[in-house]
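Structure record follows, encoded as structure tokens.
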Amino acid sequence: MNNLNLGFIGVGLMGLSLVKRLSNLGYKIDAYDKNLKKLEPLKKISNVRLNQKASEVYRNNNIIILCVDKTESVKEVVFGKDGLVNNANNNTIILDLSTTLADETINFANQLNEKTGASWIDAPVSGGPDKALEGNLAIMVGGDEKVVEYVKPILEEISSKFTYFGETGSGQIVKMINQIIVLNNYAILAEAASFAQAWNIDANKIPEALSDGHAGSNLLNDLFPRIVNRDFAPKGYASQILKDLQMVSKLAIAKNTPTPMSSLTKQLFTILVNSSQEKLDGTSIVKLFDLKEII
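Position in the sequence shown (from 1) plus 18 gives the number in the numbering used here.
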């Protein structure tokens, strides 16, 4: 399949790594981001064409990959003034790697299909930009199984594992389950690091010390050292974490499902983002623990 052209919309932290990954594997890619400056790192890659308008991407490709920041951005890309809906047909496949509201994803997919016959696969990703570049993401997939089978080679190129969960929207629901586990751990690990340092424990030794016990995990190995060393270079923005926690809250309310831990973590990230830290990594949540009197 890597002799196919792919359209790619959204070249942020994750999108940039994914475009590089796919282009390195030989895919020809038409890339676009509404912030044209984000395309600059791709200028020297011969099989990536940079586009000034999203419509140029839609006209030239049947498979369009979306990797944008929020539900509203997906709506704009698909149904906006320069939207995909104006160029899509029954051969068009949307492969949406974004993390968005499941109910809106279902609505978008149904609207697009009714108007154009196009197919929609929701395939939110987890793992961060480094794993995207390595092709080691985890992907949760929803949509028509036959269409999923068609785009399977692409999913396999960017993931160590992808799992099909069923109808459109189910991928986004599973991504929220993932986020409940992952995002609460930002606060938990920050609390643990703060506690260790308060007692003059060498916190850098903690991941190795706990690796074979129940606390050992990818999150402990990845996040904890960055929290301890106050490394806030963004692999994912604090604002994105807050956005995802807000989505968890909305979906939980819809099903009357209690999420007390996520609600508390959401409060912490709200404080962080409102203090102008939104473009730092989520590890910067430890700043609130450093202040002590806020917690």
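We put the CB at the ideal spot given by N, CA and C, even for glycine. All values reported here derive from a predicted model rather than from experimental measurement.
1) If you run the structure through DSSP and keep just helix, strand and coil, what is threonine 181?
2) Would you say phenylalanine 307 and serine 235 are within 8 Å of each other, going by their C-beta atoms?
3) In angstroms with no decimal places, state the Cα-to-Cα distance between isoleucine 303 and tyrosine 204.
4) Residues in the same chain with beta-carbon distance under 7 Å from lysine 261, minus the five sequence neighbours each way, listed in chain order, please.
5) Extract the residue ranges of the alpha helix (DSSP H) inside the region 21-56, only unbroken runs of 4 or more that lie entirely within it.
6) Quick one, are the C-beta atoms of glutamate 175 and glycine 161 less than 8 Å apart?
7) What does isoleucine 82 pair with, by DSSP beta-bridge criteria?
8) Tell me the DSSP secondary structure of arginine 248 in three-state form.
9) Measuring alpha carbon to alpha carbon, tell me which of Tyr50, Leu238, Glu132 and Arg77 ends up nearest cysteine 85.
10) For phenylalanine 316, which residues of its own chain have a beta-carbon under 6 Å away from its beta-carbon, when the five flanking residues on both sides are left out?
11) At what residue ranges does the region 123-182 contain a whole run of the alpha helix (DSSP H), taking only runs of 4 or more?
12) My guess is that valine 266 and threonine 277 are in contact by the Cβ rule of under 8 Å, so how many angstroms apart are they, rounded?
13) Identify, in the order they occur along the chain, each residue of the same chain with its Cβ nearer than 7 Å to the Cβ of lysine 133, setting aside the five sequence neighbours on each side.
14) Can you check whether the C-beta of glycine 145 is within less than 8 Å of a C-beta belonging to chain D?
15) Can we say the region 56-69 touches the region 24-39, given the rule of at least three CB pairs closer than 8 Å?
16) Leaving aside the five residues before and after valine 143 along the sequence, list all residues of the same chain whose C-beta is less than 6 Å from its C-beta, in chain order.
17) With DSSP run on the structure shown, which of helix, strand or coil describes aspartate 240?
18) Tell me, to the nearest whole angstrom, how far the beta carbon of valine 159 is from that of valine 165; I am working on the premise that it is less than 8 Å.
19) Short check: CB of lysine 253 to CB of leucine 151, under 8 Å?
20) Mind checking arginine 244: buried by the 16 CB within 10 Å criterion, or exposed?
21) Starting from the C-beta of arginine 77, find all residues in its chain whose C-beta is less than 6 Å away, skip the five residues before and the five after it, and write them out in chain order.
22) Could you check how far apart the C-beta atoms of alanine 210 and leucine 173 are, in whole angstroms? I think they sit under 8 Å.
23) Helix, strand or coil, according to DSSP, for leucine 68 in the structure here?
24) Which term fits aspartate 48, buried or exposed, when burial requires 16 or more other beta carbons within 10 angstroms of its beta carbon?
25) If distances are taken between C-alpha atoms only, which option among Thr110, Thr118, Gly146 and Asp148 comes closest to asparagine 131?
26) Would you tell me roughly how many angstroms separate the C-alpha atoms of leucine 119 and glutamine 190, rounded to the nearest one?
Taking the structure as given:
1) strand
2) no
3) 7 Å
4) Lys88
5) 31-42
6) no
7) Gly25 and Ile112
8) coil
9) Tyr50
10) Because residue 316 is not part of the residues shown, which for the chain are 19 to 313, the question remains open.
11) Every unbroken stretch of the alpha helix (DSSP H) spanning 4 or more residues and falling wholly within the region 123-182 is given here in chain order: 147-152 and 163-176.
12) 6 Å
13) Cβ-Cβ distances below 7 Å link lysine 133 to Val103 in the same chain, with the five nearest sequence neighbours on each side left out; the list follows chain order.
14) Although the question refers to chain D, the structure presented lacks it and comprises just one protein chain.
15) yes
16) Leu115, Leu155 and Ile157
17) helix
18) Actually they are not in contact, since the Cβ atoms of valine 159 and valine 165 sit about 10 Å apart, beyond 8 Å.
19) no
20) buried
21) So the list reads Asn105, once near-sequence residues are dropped.
22) Not a contact, Cβ separation roughly 34 Å.
23) strand
24) Taking a 10 Å sphere around the C-beta of aspartate 48, we find 16 or more other C-beta atoms and assign the residue as buried.
25) Answer by Cα proximity: Thr110.
26) 7 Å
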